[in-house]
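Remarks on the structure that follows.
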Amino acid sequence: MRLILTTYVVAARFVGAAWHEREAEDSIIQALGGKLDSAANIVLPGDGEFGERAKRWQASEEDVQETIRFASDHDMPFLAVSGTHGSTSAAATAKNMIQISLRNLNTAEISKDGSSVTVSGGIKSKKLIDYLWTRGKQIVTGACECVGLAAVALGGGHGFLQGYYGLLSDQIISMRVVFASGEAVTVSETMNVELFWAMRGTGHNFGVVTSMQYRIYNIPLGKEVWSWEAFTLPATSGNVRKCGLVLMNHAVSEAPLIMHNIAFNGPLAEARQYTQAYHDLEGVVAASAEGTYLDVPRWMQIDDAGFVCRIRDFMPGVGVMRFPADVQAYNLTALVAAVERFVEITMAGPEFAGSFMMLEQYASHAVMEADSSKSVFANKRDKLLLAPALAYRSVNEETGERNEALDEKVRRYGEEMRQLLVDGAEGMGGSHSYVNMRTAASL
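Counting with mature numbering (1 follows the signal peptide of the UniProt record, and there is no 0), you get residues -17 to -1, 1 to 426 for the letters of the sequence shown.
Okay, here's the thing in structure tokens:
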């Protein structure tokens, strides 16, 4: 349960911009501005902050309600975001609408008995992890530090501690949800029960979650130490059968490489009994470190300041489409075929530099033990999260327009690789697509 065989190195997000018609700007400010908290902001095209904050920054649940009522009354679509880590390509269609940012809703308060924390809907994983760690507590979150807690939990949610406590959605005790009408309700095992069942696994579109009561746990004595090992080796078919994520990184190699990460809740000396086989692989380059749970994201480059969370700082204009296929067991023949196709695609030209194929495997003991009837999440038996991911210049930096021809090419290539994995899962429990990683192409 302490060993996490994961190749989760890089991920990305794409969120469409929110735009308002210029002629409606004055009426928006007049009609909506006076109803909001003084800490709330309305940012419009032409404002200096618009490029960075093309959205409404709410400061309270009431602000969310008022904004949604305004949008509904004026037949304007709206989109609520927190960590902006979602990968659905449908977000690219988000124009002429109000985008509601929940980032100002980022408070946390531990219950008197210390068994739960009440968090606002926009809080990010890193802030919450750090807050709880200093108080001797830990919490199941997504792997990346930059994602919002609520958004990941609504999709089921995989993370490093799920082997101990279950999925993120299993931790939700209650939620405050604002509907499209502007009405706010409590959703729990005793209130709006069917909605509670549905939202823990497929909860992104029922309403906007403004706060959540969430289970937390004492950091076990003697379990404060975590360790990490990473193994890099050529992406040959033989090595693919043995481990790893395949990454296209021209800064390291002109040919795709396997980069395999292992996180372990214990010291390196104990982890070695599980990792020695990787050290023995021919041509492998190994790295390792020892610290606490707070260090794991940095080791894997998924910390708030790392490549995954800041991908557009490193690759301006980049978009990433992921094509997930969650399966119960490896079909190595299908995996090798998918990787070989990935190598062909990424070696054909420079347009997909930075692309990768993710193979994630988290501890699953508590996930499997949880009562499946308590939530709608249907993929608990899928222990392996496989996802070809193509990174490319999705936006013309000069014009700001989508590269639609390349978009279509990426969808075609991604579906080819995904289909190889899906076909390989036939007769082995089938495959699903983890909702938190899906693009429109893989729905």
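Here a beta-carbon is modelled for each residue, glycine too, at the ideal position from N, C-alpha and C.
(request) Evaluate G407 with the Cβ neighbour count: other Cβ atoms within 10 Å of its Cβ, from every protein chain shown; 16 or more gives buried, anything less gives exposed. (result) buried
(request) Taking A63 and L85 to be in contact with their CB atoms under 8 Å, please state how far apart those CB atoms are, rounded to whole angstroms. (result) 6 Å
(message) According to DSSP, D309 sits in a beta bridge with which residue or residues?
(response) L368, H415
(request) Return the CA-CA distance between L115 and I199, expressed in angstroms with no decimal places. (result) 8 Å
(message) Less than 8 Å between the C-beta atoms of V310 and G139, yes or no?
(response) no
(message) At the 8 Å Cβ level, is G139 part of the contact set with chain B, yes or no?
(response) Judged by its chain identifiers, the structure shown contains no chain B, having just a single protein chain.
(message) Quick check: A167 and A213, are their CB atoms within less than 8 Å of each other?
(response) no
(request) Report the three-state DSSP secondary structure of H243 (helix, strand or coil). (result) strand
(message) Going by DSSP in three states, P217 sits in which element: helix, strand or coil?
(response) strand
(message) Between the alpha carbons of R410 and K366, how many angstroms are there, rounded?
(response) The question names Arg, but residue 410 in the sequence shown is Gly. Going from the Cα of G410 to the Cα of K366 covers about 16 Å.
(message) Could you compute how far the alpha carbon of A136 sits from the alpha carbon of M351?
(response) 17 Å
(message) If distances are taken between C-alpha atoms only, which option among A321, P250, T215 comes closest to G266?
(response) T215
(message) I need the boundaries of the beta strand (DSSP E) containing S103, first residue and last residue.
(response) 99 to 103
(request) Mind the definition here: the segment 332 to 340 touches the segment 358 to 378 only if three or more C-beta pairs lie below 8 Å; say whether that holds. (result) yes
(message) Here's a check: name, in chain order, each residue in its chain whose Cβ is nearer than 6 Å to the Cβ of V191, leaving out the five neighbours to either side.
(response) V47, A63, V161
(request) Please name the residue in N175, N248, R224, T173 whose C-alpha comes closest to that of G205. (result) N248
(message) Nearest by alpha-carbon distance to V170: which of V279, K109, P203, M158 is it?
(response) M158
(message) So, at 8 Å on beta carbons, what are the nonlocal neighbours of E4 in its own chain, with the 5 sequence-adjacent residues on each side left out?
(response) Confidence in E4 is poor, its pLDDT being 43 and thus under 50, which makes the residue's placement unreliable; the coordinate value appears in the next sentence. Answer for E4: N79, listed in chain order.
(request) Confirm, please, whether the CB-CB distance from W209 to G302 is below 8 Å. (result) no
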